[in-house]
Each structure stands twice: as C-alpha cells, then as structure tokens.
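Number of protein chains: 2
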Amino acid sequence: MYSLDLTKPDGRKMTLYGRRPFDSQTAAPSPFVEPLNASPHLRWHPLRGEWVTYAAYRQGRTFLPPPEYNPLGVTIDPAHPTEVPAGDWDVAVFDNRFPSLGGPSAEPPSLIVPTARAVGHCEVVVFTQNAGASLGVLPLAHIELLMQVWGERTARLAQRGDIAYVLPFENRGAEVGVTLHHPHGQIYAYPVVPPVPAGMQQEAQRYHADKGSGILQNLITAERSARVRMLYEGDHAVAFVPVCARYPYEVWVAPIEPVENFIQLTGEQRADLARALKTVLLKYDGLWQRPFPYLMAWYQAPTDGEAHPESHLHAEFYPPYRTWDRIKYLAGTEIAAGFFAMDALPEEKARELQQIEVTLE
Amino acid sequence: MYSLDLTKPDGRKMTLYGRRPFDSQTAAPSPFVEPLNASPHLRWHPLRGEWVTYAAYRQGRTFLPPPEYNPLGVTIDPAHPTEVPAGDWDVAVFDNRFPSLGGPSAEPPSLIVPTARAVGHCEVVVFTQNAGASLGVLPLAHIELLMQVWGERTARLAQRGDIAYVLPFENRGAEVGVTLHHPHGQIYAYPVVPPVPAGMQQEAQRYHADKGSGILQNLITAERSARVRMLYEGDHAVAFVPVCARYPYEVWVAPIEPVENFIQLTGEQRADLARALKTVLLKYDGLWQRPFPYLMAWYQAPTDGEAHPESHLHAEFYPPYRTWDRIKYLAGTEIAAGFFAMDALPEEKARELQQIEVTLE
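Residue numbers (this note's numbering), protein chains in the order written: chain W, 11 to 371; chain X, 11 to 371.
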C-alpha cells in the first residue's frame with residue numbers, strides 16, 4: 011500500500027492511499043478557504059456519568075456549490091474544488107471540516123458541570139473515487155486495502171498519545187441521516203473510551219479473567235456449531251446474525267481468532283474478513299434489490315497502550331428496517347431504558363439473508 | 011380519584027380512572043377476541059451484558075377496521091369495538107395487546123446464550139377521551155390525575171414482587187414512529203433494572219454516598235442559580251434545558267425536592283409538577299406552531315423493595331428535531347459509541363423555548 015500525506019489550503023490534513031506510487035505533484039483541494047474555526051468542548055453529564063461533546067459551527071463556506079456538486083467526488087474544475095484531488099488513489103482520508111472532537115484548541119467554558127477541551131479527531135474516509143459505487147461492490151482487493159487504511163489510521167491516532175479509542179464506522183442511507191451518497195465512512199478518535207465500547211470492554215475483561223478465553227471467540231464457536239444464523243464461514247472470518255440481535259437485520263462480522271484491531275490482522279485474515287464483509291453487503295443489497303441502509307461500526311481494542319487480550323475486532327451492523335417498508339424506530343424502551351424489544355427472531359432474519367445468493371470477486 | 015377494574019373479552023385487564031364515581035355497568039371492550047398468544051422471551055447479550063426481549067406476534071385480529079378507525083377512541087358501535095368504553099372516565103389503562111414483556115407464560119427456547127421468560131408487563135395509558143387533544147392542552151387537574159394514575163400503576167406493579175423497574179413514557183409523533191395519534195403513553199414494567207436507569211442509579215448512589223445529597227437535587231440548585239436554561243420555576247417543581255443536554259431540545263422536568271417516584275408526591279408537589287410539565291408541552295407546541303414530537307420518559311426509583319434516597323423522580327424529553335426542518339439522527343457516534351455530539355448549545359435552545367409565552371389554566 012502506498013500513501014501520500016498532504017495539507018489542504020484550509021490547514022486540514024489529508025492522506026491518499028493506493029496500490030500504486032503517487033505523483034508527488036498531487037495537491038489537496040478544499041471547498042473551504044478559511045482555517046477551521048470550530049472549537050468543540052466537552053461537558054460532563056452527571057446523571058449518566060459520561061461526556062457529551064458540543065460544537066457550534068460557524069459558516070466557513072466561500073462559494074455557492076453548483077447543482078449536483080459532490081464534495082467527495084474528485085476535483086475536475088479548480089474553480090469548484092471538492093474535498094479530494096484527481097489522481098490514481100483508491101482511498102482518501104481527510105480531517106472532517108465539522109469535527110465533533112479535535113480542531114483548534116480553545117479553553118472550554120466554565121459551567122455548572124465539569125467541562126474539558128474536546129480532544130480527539132474526526133476523519134472522513136472516502137472509500138472510492140466512484141460516486142455510484144458502494145462498499146459492497148468494490149473488488150475484494152479494494153476492501154482489503156480499506157481495512158489496511160483503517161489499521162494505518164488507528165496506528166497513527168494511537169501514536170498521538172491522547173486518543174483512548176478509535177472507531178471506524180459508516181452511516182449509509184437517507185434513513186440514517188446521510189445526505190452524501192458518495193461511498194464514504196468516518197473515523198472518530200475519542201479522548202476516553204466511550205460508554206458503549208467501555209461497557210463491552212468491561213464484560214470482555216471479566217469473562218477473559220474468569221475463563222481465560224474470549225467472549226466473542228466463544229460465541230463465534232457456538233454460532234458455528236448452532237449453524238442456524240451463519241451468513242459466511244471462511245477459514246479465518248465469519249459473518250452471522252447474532253443470537254442476541256437487537257436490530258432485525260443486525261449482523262456481526264469478525265475474524266475467527268481474536269485480534270485486537272485492524273493493525274494486527276494478518277494478510278490471510280484480512281483477505282477473509284474482506285470476503286465476509288462483502289458477502290454481508292451484497293446480501294443486504296440483494297435482499298430487496300435496492301441499497302440497504304445501515305450503521306456499520308468496527309469495534310477495536312482501546313488505544314491506551316495496554317495489551318487487550320480480551321478484545322476481539324468485529325463489525326456490528328445496525329440496519330434501520332424491520333421489514334422492507336417498515337422502519338424500526340428506537341423509542342421509549344430502547345432509548346430511555348436501553349432495553350431492546352424485538353418483534354422478529356434473529357433466526358427468521360438470518361434465514362432471509364441466507365437465501366440471498368452472492369458472488370464474490 | 012375513582013377507579014374501576016375491568017377485564018376485556020380477550021382476558022386483558024383494564025382500569026378506568028376519573029374524578030367521579032363510575033357506573034358499575036361499564037364493560038371493557040376489545041377489538042380482539044382470541045386470548046393473548048404472545049409469549050415473549052429474553053436472551054442474554056453477552057458482549058453488552060444486558061437482556062434483549064423477543065416477541066414474535068401472531069395475528070389475532072378478528073375484523074377489518076373501518077376507515078379512520080381509532081382503537082383508542084371510545085366504542086360507539088359495538089360491532090366495531092375499540093380498546094376503551096364510553097363513559098365518564100378521564101384516563102384509561104389497559105394491558106398492551108402486543109406486549110414485549112409479560113403475557114402468557116411459556117418456556118423460553120434453549121439457545122447458545124442464557125434465556126429466560128420475559129417476565130414483566132406492558133400497559134397502554136389513554137390520556138383522555140378526546141382524540142384531538144394532546145397531553146399539553148389537558149387541564150392542569152387532568153394532568154394531576156394522570157400523575158396520580160402513574161403513581162397508582164407503579165404501586166400496583168411494585169406489589170407484584172417480580173418487577174424491578176416501572177417506566178412511564180410517551181412516544182409522540184410520526185417522527186418517533188407513532189402511528190396512533192390519540193393522546194396516549196405506555197408503561198413498561200421490567201423484571202430487572204434496565205441498563206440506562208441502572209447506570210443512572212449507580213451514579214446517583216455513588217454521589218449520594220459521597221456527598222449525602224442528591225445528584226439531580228444539586229444540579230437543580232445549580233441550574234436555578236445559573237438561571238440561563240430555566241423554563242419553569244415554581245415553588246415545588248422546575249423545568250429546564252439541562253446544561254448537559256444530549257438532544258437539541260432536551261428538557262428535564264422534576265420536583266425540586268427529591269421524591270423517589272410518583273407515589274411519594276404530595277398534592278402540592280404534584281400540582282406544581284403538572285404546571286411545569288404543561289409549560290414545557292405548550293412551549294414545545296408553540297415553538298413552531300405545530301405538534302412537537304418527542305420521547306418523554308419518567309425516571310423513578312427501582313421497585314426492588316429497597317429505600318432509594320438517591321433517586322429523584324424526573325422526566326427527560328428527547329425531541330428528534332434539531333431545527334424546525336432537520337431531524338437529529340442518532341448515528342455512528344451516538345448509537346455505536348454512546349458518545350453524543352451536539353451542534354447546538356443548550357443555552358441557545360433554552361433561549362428559543364424561553365421566548366415562547368404560555369398560559370396555564
């Protein structure tokens with residue numbers, strides 16, 4: 011994998027990744043001229059015991075975009091710069107112009123609860139130059155390269171020393187609030203381990219201390235034995251509807267053997283994980299013969315410098331639909347109580363997805 | 011407050027509440043004839059360390075509803091029974107026909123994770139006979155009566171001995187998935203303290219043990235001193251946008267002095283809490299001169315038979331809008347990480363709501 015580090019005219023950093031060496035003349039464009047002026051801050055939520063981040067953005071736009079302007083498409087007309095240059099790259103990563111964490115340093119306000127600078131980093135990951143593609147239709151080699159990029163970004167962010175957790179994710183579809191349809195994801199780098207991964211780490215640590223093996227590792231073994239909810243089973247990776255799914259079409263994708271993060275994947279594991287991931291994505295889009303919206307989150311070990319033998323890299327997909335025309339709204343019991351109620355069984359939803367044939371290439 | 015306990019033809023229980031004695035001839039209707047056949051079960055989610063409930067419903071409908079049929083409107087034509095009878099009642103509570111918890115007992119399936127019967131109870135609370143009303147336009151005396159009902163249901167459910175937590179809530183608006191617009195809420199009674207209230211109890215207990223006072227009590231004192239985010243300040247109750255709001259128009263409503271639950275409210279506290287609640291609801295609907303969608307959840311002390319001096323009854327409102335035409339979608343960082351990101355400051359949103367004048371009657 012080749013990479014090229016660049017700086018945008020507004021000061022934001024960008025890295026291009028590809029399978030061929032780069033033209034060193036490549037310059038990073040930006041639709042924005044003024045330097046980033048967001049200065050997010052954290053406030054402590056005493057009742058929940060967690061941080062919330064606040065970023066009040068000021069407008070920094072310096073031009074009116076033409077119709078059909080795609081900020082994630084390559085720049086063709088320098089008078090209308092996008093976020094990414096033309097050139098022979100496969101994946102591009104750049105600092106989010108509207109970061110919820112990170113950005114210029116500023117003193118947090120003094121309030122009736124503890125506050126802090128919103129240390130951290132928010133990145134946009136453009137999966138491909140092809141605006142009409144999707145993660146699932148990319149060639150396996152391209153998906154493998156993206157996984158290498160996720161690992162490389164995780165390593166970079168971990169090295170900063172002020173990042174406790176790196177979360178690569180993709181929100182896909184208008185149903186989950188996405189307005190840019192160019193295939194892309196995001197990476198959030200947090201100054202603390204956020205509540206959900208923190209809870210999962212705690213469960214995994216307790217289990218690992220108790221049994222000497224991994225909680226997800228053993229669940230994968232059990233899912234493989236039960237066989238009813240499996241969607242992909244390779245030599246090194248699996249995909250399945252988990253027995254305890256909280257969303258009707260929830261799917262998990264993981265290497266079979268625990269690895270802490272994308273950095274630790276071997277080439278063989280990465281290749282099979284790409285096959286597992288692509289299988290899920292093609293099944294999703296095949297189910298109703300239309301783009302299938304979802305939130306995809308990749309859980310890794312914290313980047314706190316400690317060893318995490320209890321951690322097991324995996325993706326969890328949370329699709330918003332419960333049937334082809336019905337959204338599963340998160341309401342009272344899910345949002346207010348954190349207690350999920352499902353009116354479909356994971357076994358039934360797994361069967362629907364199992365029946366969708368896919369071809370990997 | 012008067013009440014009348016009834017049983018529907020399909021076996022479900024119903025109670026009518028009102029300010030005048032009931033005609034003992036009143037019978038409880040049901041649009042369903044067959045007894046309830048849902049048998050939900052729980053599955054343990056090992057990675058998150060929490061229960062998930064599964065209820066696969068079979069259709070029990072015995073008639074085709076006429077157009078504009080409102081199952082929460084009073085029964086006018088006995089050939090098309092609704093869920094509630096005609097008569098002089100103010101608030102009606104009945105067993106949910108599609109419960110996520112409770113219902114007929116059945117053995118849980120044997121799976122690769124621990125399972126259990128989904129002990130618990132799900133109730134529908136019809137706020138008024140008037141389909142065109144809303145909680146906010148009900149007279150203060152009616153809202154006070156509803157609060158008494160919430161207390162009475164909490165007491166009943168606590169007495170069963172198998173309920174650890176009672177959550178009254180309202181999902182309002184199509185934006186949060188509500189298809190029935192007749193003013194109503196729900197009550198979920200859980201066999202365990204669910205994750206969100208459990209986390210809040212833990213924080214409150216730690217704080218109370220450490221400081222000898224209540225975490226919300228002290229936050230209310232601080233909000234009253236700061237003054238910038240207050241929406242209502244009475245002798246016994248307050249409403250405010252919390253300094254640590256996770257939703258742009260999040261509002262909390264609470265008695266000033268801690269009480270554990272609706273049962274413990276004095277008449278004076280309940281009257282002022284109704285004024286605080288009505289103020290918020292009228293401000294919400296006044297903001298954009300249209301019904302304002304929200305999730306309203308009332309947090310109480312667990313019903314585990316222990317004293318909970320750390321608990322402090324309060325409502326949290328989570329409205330889905332961030333501006334009049336933009337939804338705040340919960341996406342990657344909120345759903346996957348549990349780390350909330352806000353692009354509006356609570357102080358700004360409080361100012362918008364403060365400017366809406368309301369008249370209480």
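For each residue, glycine too, the CB sits at the ideal point set by N, CA and C.
The structure presented is a predicted model; accordingly, all values stated were derived computationally and were not measured.
Going by C-alpha positions, residue 21/X is about 42 Å away from residue 366/W.
Scanning 360/X, 368/X, 370/X and 353/X for the CA closest to the CA of residue 66/W turns up 353/X.
Residue 196/X: member of the beta strand (DSSP E) spanning 194–200, first to last residue. Between the stretch 253–261 of chain X and the stretch 329–340 of chain X, the count of Cβ pairs shorter than 8 Å is three or higher; the stretches touch. In this structure, DSSP gives residue 103/W an extended state, which the three-state scheme calls strand. Between residue 193/W and residue 148/W, the C-beta spacing is below 9 Å. By alpha-carbon distance to residue 18/W, the top candidate from 204/W, 91/W and 283/W is 91/W. Our two residues, residue 335/X and residue 301/X, have alpha carbons roughly 13 Å apart in a direct line. Proximity of chain W to residue 127/X at the Cβ level (cut-off 8 Å) is not reached, the minimal Cβ distance being about 15 Å. Looking from the CA of residue 138/X, the closest CA among 359/X, 191/X and 165/X belongs to 191/X. Of 276/W, 224/W and 253/W, the smallest CA-CA separation from residue 245/W is found for 276/W. Contact between residue 111/W and residue 200/W is confirmed by a C-beta separation of about 7 Å, below the 8 Å threshold. Under DSSP, residue 177/W shares a beta bridge with 198/W.
With respect to the 9 Å criterion, residue 83/W and residue 145/W are not classified as neighbours on the basis of their beta carbons. Along the stretch 98–130 of chain W, the positions whose C-beta sits under 7 Å from a C-beta of chain X are 110, 121, 122 and 123, read in chain order. With contacts defined by Cβ atoms closer than 9 Å, residue 122/W and residue 358/X do not form a contacting pair. Not one beta carbon of chain X lies nearer than 9 Å to the beta carbon of residue 222/W.
In terms of Cβ geometry, residue 309/X and residue 177/X form a close pair [threshold 9 Å]. Interface residue (Cβ-Cβ distance to chain X less than 9 Å): residue 210/W is classified as such.
Per DSSP, residue 263/X is one residue of the beta strand (DSSP E) stretching across 261–265. Residue 99/X is positioned such that its CB atom lies closer than 9 Å to that of residue 26/X. For residue 261/X, the nearest beta carbon of chain W is not closer than 9 Å to its own beta carbon.
Taking 7 Å as the cut-off between beta carbons, the residues of the stretch 182–199 of chain X near chain W are 186, 187, 196 and 198, in sequence order.
In this structure residue 79/W is exposed. Its beta-carbon is surrounded by fewer than 16 other beta-carbon atoms within 10 angstroms. Within chain X, the residues 56, 57, 122 and 123 have their CB atoms less than 9 Å from the CB of residue 229/W, given in chain order. Listed in chain order, the non-local C-beta contacts of residue 285/W below 8 Å within the same chain comprise 150, 242, 244, 247 and 370, local neighbours out to five positions each way being set aside.
Taken through DSSP and simplified to helix, strand or coil, residue 13/X comes out as strand. Sequence-ordered contacts of the stretch 244–255 of chain W with chain X read 253 and 254 [C-beta pairs closer than 7 Å]. Within the stretch 25–88 of chain X, the runs of beta strand (DSSP E) at least 3 residues long that lie entirely inside it are, in chain order, 51–55 and 60–64. Residues of the same chain with a CB within less than 7 Å of the CB of residue 205/W, apart from the 5 flanking positions on each side, are 60 in chain order. For residue 248/W, the enclosing beta strand (DSSP E) covers residues 247–250. Listed in chain order, the non-local C-beta contacts of residue 119/W below 8 Å within the same chain comprise 51 and 125, local neighbours out to five positions each way being set aside. Here DSSP, grouped into helix, strand and coil, assigns residue 241/W to strand. Taking the Cβ atoms as the reference, residue 186/W lies roughly 6 Å from residue 339/X, within the contact range of under 8 Å.
When DSSP states are grouped into helix, strand and coil, residue 133/W belongs to the strand group. Within the same chain, and ignoring the five residues on either side of residue 13/W in sequence, the residues whose Cβ sits closer than 6 Å to its Cβ are 25 and 27.
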